[in-house]
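>
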Amino acid sequence: MGTASDIKLIGDDGLRLDGRGLDELRPIKMEINVLNRADGSSYIEWGGNKIMVAVYGPREAYPKHNQDINKAFVRARYNMAAFSVDERKRPGPDRRSQEISKVLSEALESAIMTELFPRTQIDVFIEVLQADAGTRIAGLTASSIAVAAAGIPMRDLVVGCTAGKAGGKVVLDLSKDEDNFGEADLPIAVLARSKKIVLMQMDGDMTLEEIDQAHSMIFSATDRIYQIQREALESKYTVDASQWGE
Amino acid sequence: MGTASDIKLIGDDGLRLDGRGLDELRPIKMEINVLNRADGSSYIEWGGNKIMVAVYGPREAYPKHNQDINKAFVRARYNMAAFSVDERKRPGPDRRSQEISKVLSEALESAIMTELFPRTQIDVFIEVLQADAGTRIAGLTASSIAVAAAGIPMRDLVVGCTAGKAGGKVVLDLSKDEDNFGEADLPIAVLARSKKIVLMQMDGDMTLEEIDQAHSMIFSATDRIYQIQREALESKYTVDASQWGE
Amino acid sequence: MGTASDIKLIGDDGLRLDGRGLDELRPIKMEINVLNRADGSSYIEWGGNKIMVAVYGPREAYPKHNQDINKAFVRARYNMAAFSVDERKRPGPDRRSQEISKVLSEALESAIMTELFPRTQIDVFIEVLQADAGTRIAGLTASSIAVAAAGIPMRDLVVGCTAGKAGGKVVLDLSKDEDNFGEADLPIAVLARSKKIVLMQMDGDMTLEEIDQAHSMIFSATDRIYQIQREALESKYTVDASQWGE
Amino acid sequence: MPRDEVGILSEIKKNYIIRKLEEGKRGDGRSVDSFREPIIQTNYVPRAAGSAMVSLGKTRVLAGIKIELGEPFPDTPNQGVLTTNVEMLPMAFPTFEAGPPSEISIELARVVDRGIREGKTMDLQKLVVEPGKKVWIVFIDIDVLDYDGNLIDACTLAAVSALRTSVVPGSTAELKDFALPVDNIPVSVTMVKIGDKMVVDPNLEEEQISSGRITVTTTQDGHVRAMQKGNIGYFTWDEISSAITTSQRLGKEIREKYLKV
Amino acid sequence: MPRDEVGILSEIKKNYIIRKLEEGKRGDGRSVDSFREPIIQTNYVPRAAGSAMVSLGKTRVLAGIKIELGEPFPDTPNQGVLTTNVEMLPMAFPTFEAGPPSEISIELARVVDRGIREGKTMDLQKLVVEPGKKVWIVFIDIDVLDYDGNLIDACTLAAVSALRTSVVPGSTAELKDFALPVDNIPVSVTMVKIGDKMVVDPNLEEEQISSGRITVTTTQDGHVRAMQKGNIGYFTWDEISSAITTSQRLGKEIREKYLKV
Amino acid sequence: MPRDEVGILSEIKKNYIIRKLEEGKRGDGRSVDSFREPIIQTNYVPRAAGSAMVSLGKTRVLAGIKIELGEPFPDTPNQGVLTTNVEMLPMAFPTFEAGPPSEISIELARVVDRGIREGKTMDLQKLVVEPGKKVWIVFIDIDVLDYDGNLIDACTLAAVSALRTSVVPGSTAELKDFALPVDNIPVSVTMVKIGDKMVVDPNLEEEQISSGRITVTTTQDGHVRAMQKGNIGYFTWDEISSAITTSQRLGKEIREKYLKV
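These protein sequence lines are chains A, B, C, D, E and F, in that order.
The opening position of the first sequence corresponds to residue 153 in the numbering used here, with each subsequent residue numbered one higher.
The opening position of the second sequence corresponds to residue 153 in the numbering used here, with each subsequent residue numbered one higher.
The opening position of the third sequence corresponds to residue 153 in the numbering used here, with each subsequent residue numbered one higher.
The opening position of the fourth sequence corresponds to residue 234 in the numbering used here, with each subsequent residue numbered one higher.
The opening position of the fifth sequence corresponds to residue 234 in the numbering used here, with each subsequent residue numbered one higher.
The opening position of the sixth sequence corresponds to residue 234 in the numbering used here, with each subsequent residue numbered one higher.
(1) Is DSSP giving B:Ser387 helix, strand or coil here?
(2) Can you tell me where the alpha helix (DSSP H) with E:Phe372 in it begins and where it stops?
(3) Any chance the segment 385-403 of chain E sits against the segment 340-347 of chain E, with 3 or more Cβ pairs inside 8 Å?
(4) In angstroms with no decimal places, state the Cα-to-Cα distance between F:Lys493 and F:Ala285.
(5) Please state the DSSP three-state secondary structure of B:Tyr195.
(6) Closer than 7 Å by C-beta to A:Ala400: which residues in its own chain qualify, once you throw out the five before and the five after it? Chain order, please.
(7) Quick one: grab the DSSP three-state call for D:Lys495.
(8) What are the boundary residues of the alpha helix (DSSP H) that includes F:Ile465?
(9) Relative to the alpha-carbon of C:Gly244, which residue among C:Tyr230, C:Ser257 and C:Leu256 has its alpha-carbon at the smallest distance?
(10) Tell me whether C:Gly356 is buried or exposed, calling it buried when 16 or more other Cβ atoms sit within 10 Å of its Cβ.
(11) Considering only residues of the same chain and omitting the five flanking positions on each side of A:Gln365, which have a CB-CB separation below 7 Å?
(12) Identify the contact partners of B:Met358 in chain D, using a Cβ-Cβ distance below 8 Å as the criterion.
(13) Between which two residues does the beta strand (DSSP E) holding C:Phe277 run?
(14) So, at 7 Å on beta carbons, what are the nonlocal neighbours of D:Gln274 in its own chain, with the 5 sequence-adjacent residues on each side left out?
(15) Is it right to say C:His217 is buried, meaning 16 or more other beta carbons lie within 10 angstroms of its own, or is it exposed?
(16) Going by beta-carbon coordinates alone, are F:Leu396 and F:Leu413 separated by less than 8 Å?
(17) Below 7 Å CB to CB, which residues in the same chain sit around C:Ala259 once its five sequence neighbours on both sides are set aside?
(18) I need the boundaries of the beta strand (DSSP E) containing F:Ala387, first residue and last residue.
(19) The beta strand (DSSP E) spanning A:Asp337 covers which residue range?
(20) Compute the Euclidean distance between the alpha carbons of E:Ala476 and E:Thr469, then round it to the nearest angstrom.
(21) Looking at the unbroken beta strand (DSSP E) that takes in A:Gly356, where does it start and where does it end?
(22) So, is C:Ile363 buried or exposed, given that buried needs 16 or more other C-beta atoms within 10 angstroms?
(23) Using a Cβ-Cβ cutoff of 8 Å, what residues of the segment 229-242 of chain B are near chain F? List them in chain order.
(24) CB-CB under 6 Å to D:Gly303, same chain, minus the five flanking residues each way: which ones, in chain order?
(25) Are F:Gly297 and B:Phe235 close, meaning C-beta to C-beta below 8 Å?
(26) Relative to the C-alpha of B:Leu167, which residue among B:Ser327, B:Ala263 and B:Ala336 is closest?
(27) Using 8 Å as the limit for Cβ to Cβ distance, is A:Lys348 near chain E?
(28) For my contact list, C:Met265 and C:Met306 are in at a C-beta cut-off of 8 Å; report their separation, rounded to the angstrom.
(29) According to a CB-to-CB cut-off of less than 8 Å, which residues of the segment 273-293 of chain C neighbour chain F?
(30) Using the beta-carbon count (16 or more within 10 Å), is D:Pro271 buried or exposed?
(31) For the segment 262-279 of chain B against the segment 353-366 of chain F, do three or more pairs of beta-carbon atoms, one drawn from each stretch, fall closer than 8 Å, so that the two count as touching?
(32) So, at 8 Å on beta carbons, what are the nonlocal neighbours of B:Gln395 in its own chain, with the 5 sequence-adjacent residues on each side left out?
(33) Taking three-plus beta-carbon pairs below 8 Å as touching, is the segment 478-494 of chain D in contact with the segment 240-260 of chain E?
(34) Just grab the DSSP bridge partners of D:Gly283 for me.
(35) Who are the Cβ neighbours of C:Thr287 in its own chain at under 7 Å, not counting the five residues just before and after it?
(36) How big is the Cα-Cα spacing for D:Phe326 and D:Asp379?
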């Protein structure tokens, strides 16, 4: 977590710097089928995050020695556009994005019925166009509906949220300031209905009790986010370029 | 094109800094079969440019997934020796040389009868030993006779020249100063007899009329250069190391 | 060899800075089977050098186009741990370690009966945990017993030592100071009994007579070191982690 | 450009396209010399100094501008620095791969860059803070998100649109923020040759069956600032000459319709 | 983690392990919630600023610390710098390859790093020589020499043990040498799920048949400093919650037994 | 070195070569201990600080020297810097590949470098402009253009010939240009073992059937400055000893004939 700072993350009114309550989400919007070439795609806006996801597959795994005779393997690639962050990011994977790609691949593979597609791979390309804290969870939540939009069977949708600690309080869905200057960050993703945890990471300083409180907030939030996922899937939104963004 | 400068590229006598008239070429010399190991080779001196070309192939394309069942593919690799330019160049391809390799590959492939050699590749290695403006065209012109020397059938020889704008005038075969401080650079390569254009690039500032004038100069120059190519091929020059260079 | 220096490498008593006589070795210890996963392994301490070696193979050569239908090929990889030298070394191979890997591979392959294992490769991983002059020879000497411990037939053990020139004298088994500030460095490795030379390098300044004297010192030293190799192999030392190091 | 790698185009389809072209018709109803209507959404990434999402048919690219302080090149101490990079993201097409840029994406970025640089889009001399020491570096980064042909023109249009809305963050250097000074508006127009027809702004299908590609970039004065012939194939001089005229005409139209000052 | 790449484990063996686990027994005689006895040898590489060879069953790793002067990061001018790197050496396992770090070794290094960084193991503010200009850079480098499961915990233990014995070479900057100030002792505990059992400190065989891995790193105050779920598979919240409790308990034991101040 | 990768050499040919060698004859008519006549053309690249094209039979290499101002290494503040790089260009042989240098080309460059460095060819202390701050960096770059055996000797000869004609561009630092001070002339002589014969300056065919290669570099004082055994195979001490004598003798001849001061 970020460095010490005098920044006061929770106001005297009990609200957060951006006016949210402790367990309030930022606005979330999702669409599917936003790209033409991919087998499935989605777009998510979550606070200031803007993320595009494309899914290709199942397709023959390449190189061949990567093929698993029992199942498909899932390869998520999380990437930040050079202009997505405050200081220009050099193109190409860094250590952080490689770790995120790994945990996202594993989370998705935990949900996809990979046993139906032996010897294949499923590629999930996650492009962060604008980053605003919580990109890995937003990217994963969007990936899950892009996989569904590609017609790939899943046990359940994957849906996630972060919580953390900021200004001494457990808060839901960290903002950028809370991520930078708060005390802890706890992203969790689950299978939407069973609440089985397929991604969890944490860094910072929290007690077991705080983590327990944070997980309850997250579990409850995932119900709300799952609803948005389902609406996006049901509206079968077809791209109308004139409406991107706003 | 280069930065603004007070350098006067065309003298009051209407001549260029190196004494040439506006549509005058620098001295050009070519030889073939200058290397032993390659299937075909050539050497060109064009002004201060010194360039060696080696051709290998047609040979089995590698890796296999690069094989085209209908034709050979042509892979030119343009490379500058570390000592070929004023400031030492780090070995290995940079973005400029990769772009040049692409356009040279395409120009050569446009001339070679690749349909005769399915599943193979033809490698053309172009090593700039000393650079003096116009290396891509000099390298391409030399490549073309190296391909011929390798016995690979072509529709016609590829021959090129640059023109450009310097000191407000359209001039043929830019010198290094004209390249650095002039207003525009226009390299063109054609099939020698039909004048079909297989390479063309341009950067700078020219009107359609100026480009038209430049292309006429180039087309006329390619006849003269083609003559040198043919003489080199006909003399079937066999290497005599004691005579390199001079 | 190192830069000129006022350091006095041979004392008035004729002894070296670390108290050794001119043809005296530093203390050497070897063990085999120190690792569990490898097919064969060894550990050597030679002066302050601490080196671990693991052997895998013969196993199918990969990629396939590396396979030799007549024999195994031997691929030694010499690597320095980041913390093994005074200034932290960036992980990964540099030019020095790649050259050493080549000469060590060749020295080992000269001794191994590779003709018994066509189409395979034998990997020898040499990890320098602490470096103290003479790592290539120490690593090679340890590699040889690791190969033997893996049950791979050899014509003979490979055993080596360095000599060199320091303070005007020919000395055996250069120390770090002698390596840095001495006049010449001459590592030699031989097949233990026949004294056939499988590795030799030299840099510095020596006359033929000095080299002859150095080779005699080395040949005699290899008898002593070969003895330590054989003892290590015979004791079939099985790892007892509580005794590493001391 | 990938040629039929997804096996979409049968020989039959190819012949059909060519026959239609001979009648002057294209699959999407356009005439051979018309440009797809671009959709341009500027400020798509508010956190960037400038940005523009551009779609050209089903091709979609996003240009983002970052402007940071840095050192000038030693040989141009009195100029800011411009760099252009294009990422042909693997999300955009089945055979695009992650990893270091291919020759294709390098050529693409360099042709876009030349149009902007030689078009004198920005006056780089206005981007100097301290001569020889501190200048503004303008990073143009373009993500290719969806690929249906003619990336050069889509990327040039996105880059120019993004530059036009960019703000130099002077406040990070204890100066004032100011609009990036954009003086000239280069427009690139790309054509491919199919049979003996010159086809403007090709989509992917058309690219796949074409032989030879030519790009001409002009500015509002009608001058040519950059040209690039690409791919295997050739052009006659008459074809080039008429390509230049077409580019001048379409450049004017696009500039007036989509890039009005 | 490699899954049965060497073909050691047959289906029969796997079922046997699971059946035994249901009886609460493991191949090496441990109970499901016990840690292998680590063997820790500090100062293994005297030439490093600090070092520790650690074996955990047949897994063996060597951590070495180098401490050098350098520049701080611009956004933390008043702090030293910490970097952690793990080399999964090809000597350690048949399928480990030389070359740039894999996703697996990057995750491993980052999880170890987070435990140490968030555990506030060192007070980085004590590692400043000249604010904004010169600070001590602490390089943690870990060689994986032999692999038999649970690298995260072995590497964390080795890194912490090495840091505890490290000396900052002040004399190279005309200062005094001083012991690296280590305040907190993070301990990571990793568990995998086999069938419905949570198994602590898995060996390679157990890793290969497991579904889901969870690591919890705590400090002596019982607080959680880092967590990481890895691999394909999932956990219920109850499993996570009990994993945290297990980590707190074992962390305390390990700290008292092997990392006493 | 590539061994028969182009399938040129049949077993029959190999036996023929060996039989001939037993009679003391080589394919090109040389005796076993004679060197091919080098052809050396200095100043081949006038724009470089120095250069030399060298052919040794059908092997051809071009060495170019660049000399630029830069910083000395921290541990040798009073010396210029020397670096040597060899590019085994893919034009020179069917199996040479573009890309990062292979182990073979690294060894080649390092053996050439050691001969020049340990031979004290240049007095690096004369290449200091401002101690600890500014020194001349001498870049030796060698292009291998055509490969027919014995690259080490061809490259050493080219590098030394190029250095001897090099001019330090002092005028770029407001000093005077001056001839690079070359004091010693190292010559390398390489031999391979074929059967039980030591064969000097092998061509490609001979390299392909040889077992073991030895290079000895000497200076005019007859001292040995560098040695390198390469390839699979071995030598007896007597063979090495006589190789040193051969190198001394041939080094003297070559120095007098081709490198006269």
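C-beta: ideal position from N, C-alpha, C; glycine also.
Remember, predicted model here, so these are calculated numbers, not experimental data.
This is what the structure holds:
(1) coil
(2) Where E:Phe372 is concerned, there is no enclosing alpha helix (DSSP H), although the beta strand (DSSP E) it sits in stretches over Lys367 to Asp379.
(3) yes
(4) 15 Å
(5) strand
(6) Lying outside 153 to 398, the shown extent of chain A, residue 400 of chain A is not represented and no answer is given.
(7) Since the first residue of chain D shown is 234 and the last is 494, residue 495 of chain D is not available in this structure.
(8) No alpha helix (DSSP H) contains F:Ile465, which DSSP labels as neither H nor E.
(9) C:Tyr230
(10) buried
(11) Val322
(12) His456 and Val457
(13) Thr272 to Gln282
(14) Ala285 and Met286
(15) exposed
(16) yes
(17) Leu292, Val310, Ala341, Val350 and Leu351
(18) Unbroken run through F:Ala387 is the alpha helix (DSSP H), Leu384 to Arg397; no beta strand (DSSP E).
(19) Ala336 to Leu343
(20) 11 Å
(21) Ile349 to Met358
(22) buried
(23) Arg229, Asn231, Ala233, Ala234, Phe235, Ser236, Val237, Asp238, Glu239 and Arg240
(24) Ile370
(25) yes
(26) B:Ser327
(27) yes
(28) 7 Å
(29) none
(30) buried
(31) no
(32) Interpretation of B:Gln395 is limited by its pLDDT of 42, a score under 50 that renders its predicted location unreliable; no figure is taken from the coordinates.
(33) no
(34) D:Ile298
(35) Asn201, Ile203 and Val280
(36) 7 Å
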